[in-house]
Every structure is written in structure tokens, then in C-alpha cells.
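Heads up: the structure comes next, in C-alpha cells.
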Amino acid sequence: MRWIGAFAALCLLAGCGLLTQYDDGNAMVAAVRTQVDRVAPPGRGDGELAALRRFYETRSFQPAWEGKQGEAALQTLLRSGTHGLDPALYRASELAEQRKKLGAHAPVEERAAWDVALSRSLVRLARHLGQGQIEPQTRQVFANIGAILEAAGLSFANVMSATVYVTDMNDFGKVNEIYATYFSAPAPARATVQVARLPKDSLVEIQVVASR
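Following this line, the structure appears as C-alpha cells:
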């Protein structure tokens, strides 16, 4: 399944050292193990919890998001584009705010709970990606674009051009049906490009240029 492959990529990051290895005198490791045992006990739980446990087992229960490398990985997650993923699915912004409140010197139990919560949210994101549904992702793209335009005091009527990126040109018809509901004649100039892969393995991404 695609979601398994997506989460496997996260495990690969950990194995390559791109996610930090940090033990805090082994106290953090023990705290992470306790938290994982509580949330995803061995031999129990659904696919999401089993994947979460496997992730930490491959790391010998080292935390994934501690130190400078963990902070860099978190900032990568927070860079949102106009792809078809709902940020609420993986709670990145919410968890980032929690991290700021915790600080570097918070008790290891609290930091471990935060670490496991973020990793679990990424499992959920990977499972969502695995559903492979172009329509909900396209609608979310336009919801994201609409929010950006509104924040700038603009609307879809101000869009001058758009570039649509899809991973499968066979999805173009479904994307186009939704696209057409957001623009009236004369529609903005548009280009559609098939690409091998998009950020976070989403199926569609749309870039727009707007003018006042």
C-alpha cells in the first residue's frame, strides 16, 4: 500500500540519521519506550499503531524530533504549499506550538509524549495519502489557495494564471471538473504538467499568480 511506502520513507530518514539520534542520558529513550508501549502496545492495535511502533523499534526507541536535526525536520513539515493535504490531518502547526511551550528543558515524559504524537500524526498523513483520491485532494488545494488569496485581500477573480501539477495525467479530467467551478470566463491562463512526484507524495499541486 502507498501509505506503508510513505511511512517507510520516514523510517529511512531516521535510519540515515536525518532525524536526530539523541538519548538525554537514556532517560529520554526510556520515556519514549514507555509512551510507545502505552499508545501502541506490542501485538495490538490497528495498522496505524503497528506502523508507529515499528518506526520507534527501528530507532531503538530513540526520539525522532529532538535536537537541531529534529527541529529542521519539523520546519520542513511546516512549509505548506498549495498541495491537496489538509494541515489538520497531521497537526504540524498545533504540535509545533506545543513544542514551543514545552521548551528544551521540559520533563522527558512530556517531550516523549510530544515526540510520539508527531510521529503518529505522520502515520495518519501517510495513510491519507495512500487513499489515492484525487477529488478530495483537488478540493483541498482550492481551499488552501482560497485561504491564501483571502488573507491577501484577493479572490479567485484576481488569478491571472495557474499551473497544475499532477502525478497522473489520467486524473486531469477529474481535476478539471473541480477547477472549472472556481473560475468564470475569461478563465486565467493555465498549463498542466505531469510530474514524477510531488511534495508529501500528494497527487495534485496548483500554483497561481494573482494581481490586484
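Residue numbers for the sequence shown follow the numbering used here, so the first one is 17 and each next one is one higher.
From the three backbone atoms N, C-alpha and C, an ideal C-beta is built for every residue, glycine too.
Predicted, not measured: the structure shown is a model, and the values here were computed from it.
query                                                                                                     : result
Distance, Val220 Cα to Val175 Cα                                                                          : 18 angstroms
Alpha carbon of Ala66 to alpha carbon of Ala212, nearest angstrom                                         : 29 angstroms
C-alpha gap between Arg127 and Ser137, whole angstroms                                                    : 15 angstroms
Contacting residues, own chain, Cβ-Cβ under 7 angstroms from Ala88 (five flanking each side not counted)  : none
Buried versus exposed call for Ser218 [16 or more other C-beta atoms within 10 Å across all chains shown] : buried
CB contact flag (Ala80, Leu68, <8 angstroms)                                                              : no
Euclidean distance between Cα positions of Ile164 and Ala205                                              : 19 angstroms
Inter-residue Cα distance where the pair is Ile150 and Val139                                             : 20 angstroms
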